[in-house]
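Single-structure report; data block below.
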Amino acid sequence: MSIEDYIPTFAVEAVYDLRPDNLRDQGIRAVLVDLDNTLIAWNNPDGTAELRAWLDEMTIADIPVVVVSNNKYDRVERAVDKFGVDFVSRAMKPFARGINIAIERYGFDRNEVVMVGDQLMTDIRAAHRAGIRSILVKPLVTSDAWNTKINRMRERRVLAKIEKKYGKIDYKKGI
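All the letters of the sequence shown, read from the start, carry residue numbers 1 to 175 under this note's numbering.
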């Protein structure tokens, strides 16, 4: 394992800061996005008006958004059903399985896909393994589900190593 496997291509404040024009300028034609604490707060599965507006903006721009989540099918379906977003559940991140399923399902070109997530240990690592670009976002809420708390402890150690070698991750308002 190399710390470079955990370094995101971009770091952005929130998924809602991603604009279609900026994505296109980077050659990105499809967005894979983590669910909990990236698209919705893990403890608020109903989402927000901001989420609806962002998804509408992506739809109008013809940029597909597919949720790639480690959660079970029922949990992801309940969270995204009202938004009409497709998803891959039980993605098994940090492995590339879920990302590969989404890419193959839609025939996306790996060079035109980005994985957006709030965790280095799962989302960013999985993107590296799948050979696609990644965007790290700040978690929507500071609390985590119990299973994520374990990853966050490991993530803090990896982040410290990244910061020692490369400096602090600089979150922008867009890519």
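No residue lacks a Cβ here, since even glycine has one placed at the ideal position from N, Cα and C. This one's a predicted model, so the numbers in the text were calculated from it and none came from an experiment.
Within the same chain, and ignoring the five residues on either side of Asp170 in sequence, the residues whose Cβ sits closer than 8 Å to its Cβ are Ala11. Boundaries for Ala96: no beta strand (DSSP E) harbours it, and the DSSP string shows neither H nor E there. At the C-beta level, Ile60 and Arg29 stay beyond 9 Å of one another.
Distances from the alpha-carbon of Ile162 to those of Ala130, Asp17, Arg90 and Met121 put Met121 closest. Under DSSP, Gly117 takes part in a beta bridge, and its partners are Leu136.
In this model, Val88 and Ile132 are separated by some 17 Å (Cα to Cα).
Nearest to Val80 by alpha-carbon distance, out of Arg90, Val66 and Arg19, is Val66. Under the criterion of beta carbons closer than 8 Å, Asp25 and Ser69 do not qualify as touching, at roughly 27 Å.
Contact check for Asp36 and Arg125: beta-carbon distance about 16 Å, past the 8 Å limit, so the pair fails to qualify.
With 16 or more other Cβ atoms from the protein chains shown falling within 10 Å of its own Cβ, Ile135 counts as buried. Within its own chain, the residues whose Cβ lies closer than 7 Å to the Cβ of Glu112, once the five positions on either side in sequence are excluded, are Gly27, Ile28, Arg29 and Ala30, listed in chain order. Unbroken alpha helix (DSSP H) stretches of 4 residues or longer found wholly inside the segment 41-85: 49-60 and 73-80, given in chain order. Secondary-structure assignment with DSSP links Val31 through a beta bridge to Val65 and Val114.
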